[in-house]
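*Asks:* Mind having a look at this structure? Questions to follow.
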Amino acid sequence: MKQIAFMKNRKIYFGISIGLVVLTVLATLIFGVNLDIQFKGGTIITYSHAGDLDGGAFQKAIEEKLGQKVNIQEQTNVATGNMNYVVSLTSADGLSVEDQGALTESLQQQFPDNAIETFAVNNVNPTIGKEFFAKCLVAVAIAALLMVVYIAFRFRRIGGWSAGVMCVVALLHDVMIVYLTFVLFKFPINDNFIAVVLTILGYSINATIVIYDRIRENKKRYGSKANIGELVDKSINQSMTRSINTSLSTATAMIVICIVAVVRDVNSILTFAFPLLIGIIAGFYSSTFLSGPLWVCWQEYKKAKKAAK
72 MKQIAFMKNR KIYFGISIGL VVLTVLATLI FGVNLDIQFK GGTIITYSHA GDLDGGAFQK
132 AIEEKLGQKV NIQEQTNVAT GNMNYVVSLT SADGLSVEDQ GALTESLQQQ FPDNAIETFA
192 VNNVNPTIGK EFFAKCLVAV AIAALLMVVY IAFRFRRIGG WSAGVMCVVA LLHDVMIVYL
252 TFVLFKFPIN DNFIAVVLTI LGYSINATIV IYDRIRENKK RYGSKANIGE LVDKSINQSM
312 TRSINTSLST ATAMIVICIV AVVRDVNSIL TFAFPLLIGI IAGFYSSTFL SGPLWVCWQE
372 YKKAKKAAK
């Protein structure tokens with residue numbers, strides 16, 4: 072396999088990542104952030120129905136009546152075994168009882184053969200949603216901190232803390248890409264977002280650990296006098312086949328899930344599987360093209376600073 076000069080081209084990789092940061096900022100300013108009901112507050116209405124009811128037509132009828140986008144999911148009623156539709160709509164004040172009644176009446180008129188009835192209604196307080204969002208961010212921050220500590224301890228022979236910090240920088244890059252995917256495709260930021268982020272953090276750090284482990288072994292083999300840039304180049308190239316195979320196998324599974332979700336029109340699965348697919352690609356990129364070169368940059372900076380003294 073042809074050896075790739077990662078250190079020689081690191082400015083290109085860093086430039087791509089900086090460009091993605093700029094794109095993320097612009098996308099946020101232009102498209103905004105679509106916070107889902109869990110974080111923004113609103114109303115969740117569960118409808119029971121008889122017979123076959125097309126989810127797409129049902130969602131369109133609700134959106135036309137309310138004049139806003141809604142999220143709809145199929146849910147099995149454990150007691151009866153029948154399928155219900157769970158409709159989530161974001162609103163600071165929720166949907167009033169009068170509006171709920173008018174919506175149900177409108178749906179009954181449009182789908183007279185399906186015996187549509189309101190099964191349950193839950194209002195989500197915006198304050199509770201904000202608290203939940205804050206707790207989710209804390210969970211992500213704690214996960215990142217624990218990863219730094221773990222990397223620092225495991226790779227203390229190659230400057231553990233610097234390796235840990237550079238690893239987290241690469242992980243933040245992956246989180247940013249996942250966030251950008253949600254913004255560009257106007258997916259709602261909900262519990263799926265948190266699940267994807269935590270999954271990608273675990274996936275990406277595992278790929279990075281493989282490379283750092285190879286760096287540690289090569290440093291032990293060739294000694295501390297070996298050129299650090301060449302050492303990292305060699306280590307990444309040695310890990311490349313494994314990284315590609317792992318990423319391809321995982322990405323293939325996600326592609327299949329995305330196709331099924333699109334064909335079956337299951338939006339809740341698509342908004343998880345597609346960002347996860349992009350996150351897997353981002354994780355491969357960051358662990359291969361960023362984590363090692365970033366660590367080398369930091370080591371060179373420390374060496375230059377020490378020489379200046």
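According to my numbering, the sequence shown is numbered sequentially starting from 72. Quick reminder that beta carbons are idealized off the backbone N, C-alpha and C, glycines included. As the structure is a prediction and not an experimental result, all values here were calculated from the model.
(1) Determine the direct distance from the alpha carbon of Asn-155 to that of Asp-336, and round the result to whole angstroms.
(2) Determine the direct distance from the alpha carbon of Asn-142 to that of Leu-106, and round the result to whole angstroms.
(3) How many angstroms separate the CA atom of Thr-279 from the CA atom of Phe-343?
(4) Rank Phe-226, Ile-315, Ile-199, Val-211 by C-alpha distance to the C-alpha of Val-267 and give the top, closest one.
(5) If you measure between the beta carbons of Ala-322 and Asp-245, is that distance less than 8 angstroms?
(6) Could you pull out every unbroken alpha helix (DSSP H) segment of at least 4 residues lying fully inside the segment 227-258, listed in chain order?
(7) Taking only beta-carbon atoms, is Lys-290 less than 8 angstroms away from chain D?
(8) Quick check: the Cα distance between Arg-325 and Leu-208, rounded to an integer number of angstroms?
(9) So what does DSSP say about Leu-106, is it helix, strand or coil?
(10) Classify Tyr-372 as buried or exposed, calling it buried when 16 or more other Cβ atoms lie within 10 Å of its own Cβ.
(11) Taking 7 angstroms as the cut-off, is the beta-carbon of Asn-338 closer than that to any non-hydrogen atom of the ligand NAD?
(12) How would you write the range of the beta strand (DSSP E) that Thr-117 sits in, first residue to last?
(13) Gln-180: buried (16+ other C-beta within 10 angstroms of its C-beta) or exposed?
(14) Indicate whether the contact test is met: 3 or more Cβ pairs, each with one atom in the segment 235-245 and one in the segment 295-302, closer than 8 angstroms.
(15) Please identify the residue among Ala-205, Leu-166, Trp-366, Asn-80 whose C-alpha is closest to the C-alpha of Ile-282.
(16) Whose CA, out of Ser-275, Lys-257, Val-192, lies closest to the CA of Met-218?
(17) Output needed for Gly-230: all residues of its chain with C-beta closer than 7 angstroms, excluding positions within five of it in sequence on either side, in chain order.
(18) Would you kindly report the start and end of the unbroken beta strand (DSSP E) that includes Met-154?
(19) Quick check: the Cα distance between Phe-203 and Lys-305, rounded to an integer number of angstroms?
(20) Taking its Cβ as the centre, do 16 or more other Cβ atoms sit within 10 Å of Ile-83, making it buried, or is it exposed?
(21) For Thr-189, name the three-state secondary structure that DSSP assigns.
*Replies:* Judging by the given coordinates:
(1) Indexing the sequence shown from 1 puts residue 336 at position 265. Indexing the sequence shown from 1 puts residue 155 at position 84. The alpha-carbon separation between Asp-336 and Asn-155 amounts to approximately 15 angstroms.
(2) Numbered from 1 along the sequence shown, position 35 holds the residue referred to as residue 106. Numbered from 1 along the sequence shown, position 71 holds the residue referred to as residue 142. Computed Cα separation, rounded: 12 angstroms.
(3) Position 208 of the sequence shown, counted from the first residue, corresponds to residue 279. Position 272 of the sequence shown, counted from the first residue, corresponds to residue 343. Near 23 angstroms, if we compare the C-alpha coordinates of Phe-343 and Thr-279.
(4) On the sequence shown, position 196 is the one that residue 267 refers to. It is Val-211.
(5) Sequence index remark: in the sequence shown, residue 322 carries index 251 (1-based). Sequence index remark: in the sequence shown, residue 245 carries index 174 (1-based). Going by C-beta atoms, Ala-322 is not nearer than 8 angstroms to Asp-245.
(6) 231-255
(7) Within the model displayed, chain D is absent; a lone protein chain is all it includes.
(8) Counting from one through the sequence shown, the residue named residue 325 turns up at place 254. Counting from one through the sequence shown, the residue named residue 208 turns up at place 137. Rather than Arg, the amino acid found at residue 325 in this sequence is Met. Cα to Cα, Met-325 sits roughly 25 angstroms from Leu-208.
(9) Position 35 of the sequence shown, counting from 1, holds the residue named residue 106. Strand, per DSSP.
(10) Counted from its first residue, the sequence shown places residue 372 at position 301. It counts as exposed.
(11) By its list of ligands, the structure shown contains no ligand whatsoever, and the ligand NAD lies outside what it can speak to.
(12) As a working mapping, residue 117 is identified with position 46 in the sequence shown. Run containing Thr-117: 113-119, per the beta strand (DSSP E) assignment.
(13) The count along the sequence shown starts at 1 and reaches residue 180 at position 109. Answer is exposed; the Cβ neighbour count stays below 16.
(14) The segment 235-245 vs the segment 295-302: no contact.
(15) Along the sequence shown, read from residue 1 onward, the residue named residue 282 stands at position 211. When only C-alpha atoms are compared, the closest one is Trp-366.
(16) By 1-based counting over the sequence shown, the position of residue 218 is 147. Met-218 has its Cα closest to that of Ser-275, out of Ser-275, Lys-257, Val-192.
(17) The count along the sequence shown starts at 1 and reaches residue 230 at position 159. Counting only Cβ-Cβ distances below 7 angstroms, and skipping sequence neighbours, we find Gln-370.
(18) Indexing the sequence shown from 1 puts residue 154 at position 83. Run containing Met-154: 154-161, per the beta strand (DSSP E) assignment.
(19) Translated into the one-based positions of the sequence shown, residue 203 becomes position 132. Translated into the one-based positions of the sequence shown, residue 305 becomes position 234. Phe-203 and Lys-305: Cα-Cα distance of roughly 45 angstroms.
(20) Along the sequence shown, one-based indexing puts residue 83 at 12. Answer is exposed; the Cβ neighbour count stays below 16.
(21) The residue you call residue 189 lines up with position 118 of the sequence shown. Reduced to three states, the DSSP call for Thr-189 is strand.
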